[in-house]
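Undergrad: Before we start, here is the structure in question, set down as structure tokens.
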């Protein structure tokens, strides 16, 4: 079963970040994606009531291409729309355009009220068990 949760377990965050990106986690609080209770992804967010930023989202290399990063990112955005007025990313990616984000000089941005979730999560499309 896929789950995600916030954690301040620095050892776990570093382990997953090293596995997914090759560098330790930059910070003390992050989100962890688990599959059958095994950590497979890590994300860093900066959250405030006005603006929240998706700093990074990563899945371990051996599980990429299965839609797990898509599931993780959609889940994180779904949480953010209830706690912040605007969502930004710290980088530009065409991936976010499908949700209504627009490019800025620093990344991507959208008002939370304007966020849309088109199509099924890619992990559903590829038959992943949730």
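In UniProt numbering, the protein residues as written are 1 to 130. Ideal Cβ positions, reconstructed from N, Cα and C, are used throughout, including at glycine.
1. According to DSSP, simplified to helix, strand and coil, what is residue 90?
2. Please report how far the alpha carbon of residue 28 lies from the alpha carbon of residue 40, in whole angstroms.
3. In the DSSP assignment, find the unbroken alpha helix (DSSP H) run with residue 75 in it and report its ends.
4. Leaving out the 5 sequence neighbours to the left and right, which residues in its chain are closer than 6 Å to residue 7 when beta-carbon positions are compared?
5. Count the other C-beta atoms from every protein chain shown that fall within 10 angstroms of the C-beta of residue 117, then say buried if there are 16 or more, exposed otherwise.
6. With DSSP as the reference, please indicate the residues paired to residue 60 in a beta bridge.
7. Would you tell me roughly how many angstroms separate the C-alpha atoms of residue 130 and residue 4, rounded to the nearest one?
8. By Cβ distance, which residues of its chain are closer than 8 Å to residue 100, with the 5 residues on each side in sequence left out?
9. Shortest alpha-carbon distance to residue 119 belongs to which of 16, 10, 57 and 95?
TA: In short, the structure shows the following:
1. coil
2. 18 Å
3. 68-80
4. 32
5. exposed
6. DSSP, once it has assigned bridges, lists no residue as partnering residue 60.
7. Here residue 130 scores only 38 on pLDDT, less than 50, and its place in the model is too uncertain to base an answer on.
8. 110, 114, 115 and 116
9. 95
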